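Please read the structure below before turning to the comments.
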Amino acid sequence: MSDPLVRALQELLGPQRVLATRGELLVYECDGLTQFKSAPRCAVLPHSTEDVQAILHLLHRERTPFVARGAGTGLSGGAIAQRDAVLIELSRMKQILEIDPVDRIARVEVGVVNAELSKAVKPYGLFYAPDPSSQTACTLGGNAAENSGGPHCLKYGNTTRHMLALEVVLPDGTRETLGDPFAGSAGYDLRGLFIGSEGTLGIATEITVRLCPQPESVVTLLAAFETLDAACRAVSDLIARGVQASAIEILDQRTIDAVESSVFRAGYPRNAGAVLLVELDGPAIETAEDAERVEAIARANHAILLQRAADEEQRMKLWKGRKGAFGAMGRVAPDLYVQDAVVPRTRLPEVVRGIGEICDKYRLRLANVFHAGEGNLHPNIAYDGTRAEEVERVHEAGREIFELCISVGGSLSGEHGIGLEKREFMHLLYSPEDLATFCRVREAFDPLRLANPEKVLPVHACLELRSALPSGERGTR
Amino acid sequence: MSESMANARPATACGEAPRPPEGAHVATREQLAHWTRSLDCIHCGLCLSSCPTYQVTGRENASPRGRIYLMRAVAEGRLEPDASYTQALDECLVCRNCETACPSGVRFGELMEFARDEEKKRVPPRGLAGFVERIAFRHVLPKRRVLGALLGTLRLYQRSGVQTLVRKSGLLRRLAPQLAAREALLPVIPSRRERAPLLERYPAHGERRATVGFLTGCVMHPLMPEVHRATIRVLNDQGFDVVVPPSQGCCGALHFHFGHADEGKELARANLRAFLREPLDAIVNNSAGCGAAMKEYPHQLEGEEARRFSSLVRDVSEFLVERGLRPIAPGPKLRVAYDEPCHLIHAQKISAAPKQLLRAIPGVELIPFDGQESCCGAAGIYNLVQPTLADAILSPKIAAIAKVRPDVVVTGNPGCLMQIKNGLAAAGLAIPVKHPIELVP
Ligand SMILES: Cc1cc2nc3c(=O)[nH]c(=O)nc-3n(C[C@H](O)[C@H](O)[C@H](O)COP(=O)(O)OP(=O)(O)OC[C@H]3O[C@@H](n4cnc5c(N)ncnc54)[C@H](O)[C@@H]3O)c2cc1C
Ligand code: SF4
Ligand code: SF4
């Protein structure tokens, strides 16, 4: 243990909470995305906001970069420690500090697991709406950093709609409160800026969230189609006819196969080309009426099977299958690359077809599971990471898929963030001026660029970009 | 996936990942490398929050995903096993909560058993923990006479007043706090008469429905003879002949979990010989850990016999519910908290049967509590070798039980039973802990 920084951190936190051997650090080499690997210089386990402050203060003095980590379920490489950064593992900060059922808010530490919060507020007839498929594992801090979504965000909106205030520690160790649970937004919405910033502006330590009342009734429908195309067309129709669903999800045949072979087997028909999951919630009369409309639209698109979940148990089963889908794909591939592009919902059928063609061209195996209602695609490409040539083909296909999505007016990321993975594609979406503006915002929080360096924006490119621009010039989107 | 990949691994269908064939098990380091890579951990992290040691420590290397990552790195030669690697393996409870959480179907228990066995061969454990382990695995658990003698001595220690003296004086606590913590775990040893061996055969009451073999296990009979007597009584009442082969022995579960596979296999073979001598309709046991290990004998032993044996193994609740229960006489009114042993719910996927059995007893009311399905930290001898973690894992469960104040806690695994008993006692709660079968009047 000759690293003086490690010794200083140990003095600060005690030896138990600083990890520094190769074996201890290797496991932090990657997160949910395994293409990129880089072990941190050391890892620390703070227990409180004060701990985080003390750590960042020290790192600031030592000019050492750092990376926050929640549960490491991120899918864009956000929690990977590049440049010998110190990893700040927030998993121990998992207290639910306060539940206020009257004002319908809760105050939590950032390491609280998403699903644990909903579980804790259930007795009050409340729930926390954003429900990423990883919700049994991912932390609210990670959700804040990625502005995560989930199937039900179609109706309820992504994370940023549900986090009212954040306690954050800035890269120099100072503490700030962003937002206010009660006051409206006067002045700049720094809370909104921080959410989705992927750990590049500082570390959130506490969050005040909004809770929603559980709906009076919930109807969950399963429709199976012969082809993926038919399922996509049904979704376009649902949107066009203005059906207000709380979730609209599609799983294609390969995904169905994987799920049905897993512990999360949901009873999806294996012979279907795709299944569509639609959920409606609200007053019972409305959901009943909407359910019939959904069924009519499914029939018009030649659904081969229509089912309604009879009870809560069946409903949970249908959802568990959907939420376990990505994990279940492990059964068909040693490694998975999951994309996260968003396209206008009316263009879904053609884009999904296009992605299929790209994967055929690169001889890659593709499975689709996605938040269809939001036009948020998750093509899963199965590959073997030990074969360099194959990884190359995955990268090429990935690029073409991005280009396709952007060409129809879509974007790079619906919910997984840019991270390390999509950094190099940012210029497809933004002009150099735009990127330079991002850089300036980042530097306002973090002039030394210590917070999650090398993520979201190409930092070095960023410097070059800035120096190339006349000062004061603003980028436009 | 791609054609080229399919070509490289001709054994699989086009593009399928090269899964090990059905019925195959990890036996070499190359296989471990292959399994950890192909058998399916995609690093999604969905198992993290299910893992008791991750919940307590928040460390990735104390999580299922982290442990698999390390095993793979070692198997692939990317990581030289170091002390932190051994620790990462040792801290695992092999409770297999992670298997229930994993959508990808990772067979964690099997990977861990293999990795531990390799590690134990590389660096035999040292210190107090190592000493306890060696003695226990080689000389005590497999040999009934030695076990009996040891328990006799312990009973003497407890009854002669020496224990009271030791505890009162606080001497042990001062001299060897770790040993004191373990001393505190000592259950009250029943008398020699209570520990007397079981008969070889107990006939069914009323019409005979089937004949079952009964596993007595190693420490369970001498430590909890009342549970065995209750199990046999209920099986008889329900119409089953119970055969207790005298040549049977320890199931080997602890040996497999703690990296002593060779000794474990010896024990497994002895049990095959003992139980397959006469035709039995089932091999019934009342210990979740033993049941899980015996159902998994085919992971350890090749051949038809191991498969036949394991297909007969049933937990007593599973067996009774499967066969259909004869009406049960009413017992006293009881508010019962059922704790789900990991090796029932996760390793054997049995959760409904024990509750069904309990509900079938008139007078019993099942009351749910938080963390009913969470691990208690007993995990064989885990509470002896990792006392700090075991306590941290246990304490939320005790707090949850304290909140609902049941008349009795029941759990179908002897280790869990003792662990929870100790936890409740330490918290000053006078709530008895029993095996579910003991509640059947
Ligand atoms: C099976 C699976 C399904 C998924 N499904 C969805 C889905 O439906 N919707 C969705 O949006 N995402 C999904 N994801 C992606 C991922 O779960 C989310 O991005 C999640 O929010 C990450 O949380 P985490 O705690 O794991 O964060 P990590 O992966 O640990 O970190 C993610 C990023 O956040 C930063 N960060 C973490 N905590 C903090 C903090 N306190 N302050 C500042 N920065 C921080 C990290 O530096 C990193 O850049 C899925 C992932 C998996 C593996
Ligand atoms: S849930 Fe399964 S696939 Fe996912 S990280 Fe855990 S062991 Fe690996
Ligand atoms: S067996 Fe239990 S302790 Fe070990 S990794 Fe799995 S969940 Fe964690």
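Going down the list, the sequences are from chains A and B. Counting the first sequence from 1 gives a position; the working numbering is that position plus 243. Counting the second sequence from 1 gives a position; the working numbering is that position plus 688. Cβ atoms here follow ideal geometry from the backbone N, Cα and C, with glycine treated the same way. Note that the coordinates shown come from a computational prediction; the quantities given were computed from them, not determined experimentally.
How about residue i: is its Cβ closer than 6 Å to a heavy atom in ligand 3?
i: N785 (chain B); result: yes
i: L781 (chain B); result: yes
i: P1029 (chain B); result: no
i: P752 (chain B); result: yes
i: C906 (chain B); result: no
i: C739 (chain B); result: yes
i: F946 (chain B); result: no
i: F796 (chain B); result: yes
Please tell me whether residue i and residue j are closer than 7 Å, where the distance is taken between their beta carbons.
i: G567 (chain A); j: F507 (chain A); result: yes
i: S391 (chain A); j: T402 (chain A); result: yes
i: E807 (chain B); j: F796 (chain B); result: no
i: G516 (chain A); j: E469 (chain A); result: yes
i: S319 (chain A); j: G662 (chain A); result: yes
i: L1054 (chain B); j: V1024 (chain B); result: yes
i: L561 (chain A); j: T463 (chain A); result: yes
i: V355 (chain A); j: I339 (chain A); result: yes
i: L301 (chain A); j: R260 (chain A); result: no
i: L968 (chain B); j: T899 (chain B); result: yes
i: K1043 (chain B); j: Y1070 (chain B); result: no
Please report how far the alpha carbon of residue i lies from the alpha carbon of residue j, in whole angstroms.
i: L454 (chain A); j: A372 (chain A); result: 7 Å
i: I1089 (chain B); j: C1030 (chain B); result: 17 Å
i: V452 (chain A); j: L369 (chain A); result: 12 Å
i: L248 (chain A); j: L691 (chain A); result: 18 Å
i: V1128 (chain B); j: C938 (chain B); result: 26 Å
i: S489 (chain A); j: V585 (chain A); result: 18 Å
i: V461 (chain A); j: S998 (chain B); result: 44 Å
i: P696 (chain A); j: E686 (chain A); result: 12 Å
i: Q1036 (chain B); j: V972 (chain B); result: 14 Å
i: M336 (chain A); j: L767 (chain B); result: 30 Å
i: E389 (chain A); j: F688 (chain A); result: 18 Å
i: R679 (chain B); j: G430 (chain A); result: Nothing can be reported for residue 679 (chain B): it is not among the residues displayed for chain B, which extend from 689 to 1129.
i: G442 (chain A); j: A694 (chain A); result: 7 Å
i: C1063 (chain B); j: I1081 (chain B); result: 7 Å
i: G597 (chain A); j: A679 (chain A); result: 33 Å
i: T1099 (chain B); j: I1125 (chain B); result: 9 Å
i: S504 (chain A); j: A571 (chain A); result: 8 Å
i: G564 (chain A); j: V502 (chain A); result: 6 Å
For residue i, which of helix, strand or coil comes out of DSSP?
i: S935 (chain B); result: coil
i: C285 (chain A); result: strand
i: N544 (chain A); result: coil
i: K1122 (chain B); result: strand
i: H909 (chain B); result: helix
i: N1101 (chain B); result: coil
i: Q550 (chain A); result: strand
i: V295 (chain A); result: helix
i: L799 (chain B); result: helix
i: A515 (chain A); result: coil
i: M336 (chain A); result: coil
Sorry if obvious, but does the Cβ on residue i come closer than 6 Å to a heavy atom of ligand 1?
i: C381 (chain A); result: yes
i: T316 (chain A); result: yes
i: G320 (chain A); result: no
i: C729 (chain B); result: no
i: L333 (chain A); result: yes
i: A447 (chain A); result: yes
i: A576 (chain A); result: no
i: E697 (chain A); result: no
Does any residue of chain E have a CB that is nearer than 7 Å to the CB of residue i?
i: A314 (chain A); result: The question asks about chain E, but that chain is absent: this structure's protein chains are A and B.
For ligand 2, any of its heavy atoms closer than 6 Å to the Cβ of residue i?
i: C273 (chain A); result: no
i: L734 (chain B); result: yes
i: V270 (chain A); result: no
i: G573 (chain A); result: yes
i: G991 (chain B); result: no
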